[in-house]
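Q:
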Amino acid sequence: MAGASDKARFYLERSVPELHEYERKGIFTKEEITSIAKKRSGFEHVLNARGSHPSDYARYATYEMNLEALRKKRIQRLGIKAGGHAGQRRIFFILDRAVRKFPGDLGLWMQYIEFARAEKAIKKLNEILTSVLRMHPTKPELWTYAARYAFESQGDMTNARSYMQRGLRFCRSSRTLWLEYAKLEMSYVAKIAGRQHILGLDIDRAKKQVASGDKSDADMIALPEVTAEDINPSLGKDDAVDETALHNLASTPALTGAIPVAIFDAAMKEYKDDPALGEQFFDVFAEFDRVPCTKKILQHIVDHMLQHSPNAIATLVCNFRLPMVGVDAASTDFPSALGLCLQRIRSAFKQSPQIKAQLAERAVIWLLPLLRLDELDPAVHKVMSSSLRQFIKALVPGPSANTPAEGDKLADVVAKLEQDKRHEDAQLLLSYGSKQQNSSGRLLQVQASISG
């Protein structure tokens, strides 16, 4: 115990000059200084004794962060000059001790990372990320965080790709990491496309065929090559925009969608063409509906799924959703795109009658938000309303299905919408469903819970 006390006293003595400065400059009163010293003494004795826990370090670091924030506010209010790094160094020192003693605690690592990021300590943050990834290489969320930080905060897409590629070496079975990698690439494409639009460079250009080589690293995804002459991916390092580079980029894999497609193909190969994963990729890419190459990528996904799992629910759902991606309700293309979607839904009913009820449920959930659009033409709204009623009828398979079962199935869909916080869609479905189905006990119960 004496050793722990000596160590605690040693750490406390190092902060004495700092506390004297606070008192001398009037940042804190003598009573406050005494309280700070007492609080630090308590923390240090707990940390240096046997049986300390990660939460002890976390509380100590949080206390020092709050103290540093108060110090900065008082300095600003008093208009005095004071060294601004002592508090930061102390917090870094506490967190560094924490992760050394408890390297397996991700909460401490994330507190360390977030503090370094908030303080804009770039060099320190990169060191922490290197350490935590070396310590926890099988945690996909850490690789995702590092890649997102490199791209969003540093504008370094090359480093972001490197994090994702290395992460997939260790976490090849993580679906989330594959999807996050695809999302990262689409975010990059969207960023470049946005710059092109601002500069008026988003015009049609000749498309360049990208040849893929036969040789590749067994641990790496064979991505199409983006050379330095095509574009410098470190967008955040220079405010000057090279218009020639942006023109060239339109024909490179970065904007043609070749890289996201390569990621999708590699993931489907890894997961043996799982249609559920294919739909997850579809959802990720569909979020970027304003990016020029999105439709091409989605078509590739649907073609792949139709080839390998033509009768899977996920395949049929992606197939009927595809025509509407990126089409505005006010666009002249909306009616024809909607007609093609509805046609594909009905074809899927005939093609796979054994899963008609599941398809009908997915069709209902997909159609509801479209019905609430303000820009809808009355004739289009009428067609959609009629289709929704047909899909509601198809929720229960077989002609012998009784009315309570229909009401129960409708109630299940309404409850699912409520669970997903889609309250307006749930109410709209109830208004349509209650008119054409007799209410079951479960449907009445769900209806009462929504109304209440």
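If you read the sequence shown in our numbering, its first letter stands for residue 2, the second for the next number, and so on.
From the three backbone atoms N, C-alpha and C, an ideal C-beta is built for every residue, glycine too.
Since we're looking at a predicted model, the values are computed, not measured.
#1: Helix, strand or coil for residue 57 per DSSP?
#2: Using beta-carbon positions only, say whether residue 191 and residue 164 come within less than 8 Å of one another.
#3: What number of angstroms, rounded off, separates the C-alpha of residue 61 from the C-alpha of residue 41?
#4: Take the Cβ of residue 333 as the centre, count every other Cβ of all protein chains shown within 10 Å, and call the residue buried at 16 or more, exposed below.
#5: Pull up the CB-CB distance for residue 130 and residue 161, whole angstroms please, since I reckon it's below 8 Å.
#6: Could you check the C-alpha separation between residue 449 and residue 390 for me, to the nearest Å?
#7: Do residue 278 and residue 303 have their beta-carbon atoms positioned less than 8 Å apart in this structure?
#8: If the criterion is Cβ atoms closer than 8 Å, does the pair residue 310 and residue 276 meet it?
#9: The alpha helix (DSSP H) with residue 134 in it runs from where to where?
#10: Taking the beta carbon of residue 54 as the centre, do at least 16 other beta carbons fall within 10 Å, making it buried, or is it exposed?
#11: Could you check where the alpha helix (DSSP H) with residue 422 kicks off and where it finishes?
#12: I need the DSSP call for residue 44, collapsed to helix, strand or coil.
#13: Under DSSP, the alpha helix (DSSP H) around residue 303 begins and ends at which residues?
#14: By a C-beta neighbour count over all protein chains shown, 10 Å radius and 16 as the cutoff for buried, is residue 52 buried or exposed?
#15: Within its chain, find whatever has a CB closer than 8 Å to the CB of residue 66; leave out the 5 residues flanking it on each side and keep chain order.
#16: Which residue marks the beginning of the alpha helix (DSSP H) containing residue 356, and which one marks its end?
#17: Is it the case that the segment 422-433 contacts the segment 368-380, given that we only count it when at least three CB pairs across the two stretches are under 8 Å?
#18: Can you tell me whether DSSP reads residue 28 as helix, strand or coil?
#19: Among residues of its own chain, excluding the 5 on either side of residue 292, which ones have a beta-carbon nearer than 7 Å to its beta-carbon?
#20: Counting beta carbon pairs with one atom in the segment 325-343 and one in the segment 371-380, are three or more of them shorter than 8 Å?
#21: According to DSSP, is residue 388 helix, strand or coil?
#22: Below 8 Å, how does it come out for the segment 294-303 and the segment 337-349: are there three or more Cβ pairs, yes or no?
A: So, to answer that:
#1: Against the sequence shown, residue 57 aligns to sequence position 56. Residue state, collapsed to three classes: helix.
#2: For this step, residue 191 is matched to residue 190 along the sequence shown. For this step, residue 164 is matched to residue 163 along the sequence shown. Taking 8 Å as the Cβ cut-off, residue 191 and residue 164 do not qualify as a contacting pair.
#3: Here residue 61 refers to the residue found at position 60 of the sequence shown. Here residue 41 refers to the residue found at position 40 of the sequence shown. Those two C-alpha atoms are separated by around 8 Å.
#4: One-based indexing of the sequence shown puts residue 333 at position 332. Classification for residue 333: exposed.
#5: Start at 1 with the first residue of the sequence shown, and residue 130 comes out as number 129. Start at 1 with the first residue of the sequence shown, and residue 161 comes out as number 160. That pair is no contact at about 12 Å.
#6: Locating residue 449 in the sequence shown gives position 448, counting from the first residue. Locating residue 390 in the sequence shown gives position 389, counting from the first residue. Going by the C-alpha atoms only, they are around 22 Å apart.
#7: Indexing the sequence shown from 1 puts residue 303 at position 302. Indexing the sequence shown from 1 puts residue 278 at position 277. Annotated as distal: residue 303 and residue 278, with beta-carbon spacing of 8 Å or more.
#8: The sequence position of residue 310 within the sequence shown is 309, counting from 1. The sequence position of residue 276 within the sequence shown is 275, counting from 1. Yes, they are a contact pair.
#9: Taking the first residue of the sequence shown as 1, we reach residue 134 at position 133. First-last of the alpha helix (DSSP H) with residue 134: 123-136.
#10: Here residue 54 refers to the residue found at position 53 of the sequence shown. Under this definition residue 54 is an exposed residue.
#11: The count along the sequence shown starts at 1 and reaches residue 422 at position 421. Counting along the chain, residue 422 falls outside any alpha helix (DSSP H), and DSSP gives it neither H nor E.
#12: In the sequence shown, residue 44 corresponds to position 43, counting from 1. In the structure shown, residue 44 sits in a helix (DSSP, three-state: H, G or I).
#13: Taking the sequence shown and counting its residues from 1, the one referred to as residue 303 is at position 302. Its alpha helix (DSSP H) spans residues 295-309.
#14: Translated into positions along the sequence shown, residue 52 becomes position 51. Exposed, since its Cβ has fewer than 16 Cβ neighbours within 10 Å.
#15: Stepping through the sequence shown from its first residue, residue 66 is reached at position 65. Cβ within range, chain order: 92 and 116.
#16: Counting from 1 along the sequence shown, the entry for residue 356 is found at position 355. Per DSSP, residue 356 belongs to no alpha helix (DSSP H) and is neither H nor E.
#17: yes
#18: In the sequence shown, counting from the first residue as 1, residue 28 sits at position 27. Note: residue 28 maps to coil in three-state DSSP.
#19: Residue 292 sits at position 291 when you count from the first residue of the sequence shown. Only 187, 190, 191 and 194 meet the Cβ criterion.
#20: By the criterion of at least three beta-carbon pairs nearer than 8 Å, the segment 371-380 is in contact with the segment 325-343.
#21: Here residue 388 refers to the residue found at position 387 of the sequence shown. In this structure, residue 388 counts as helix in the three-state DSSP scheme.
#22: By the criterion of at least three beta-carbon pairs nearer than 8 Å, the segment 294-303 is not in contact with the segment 337-349.
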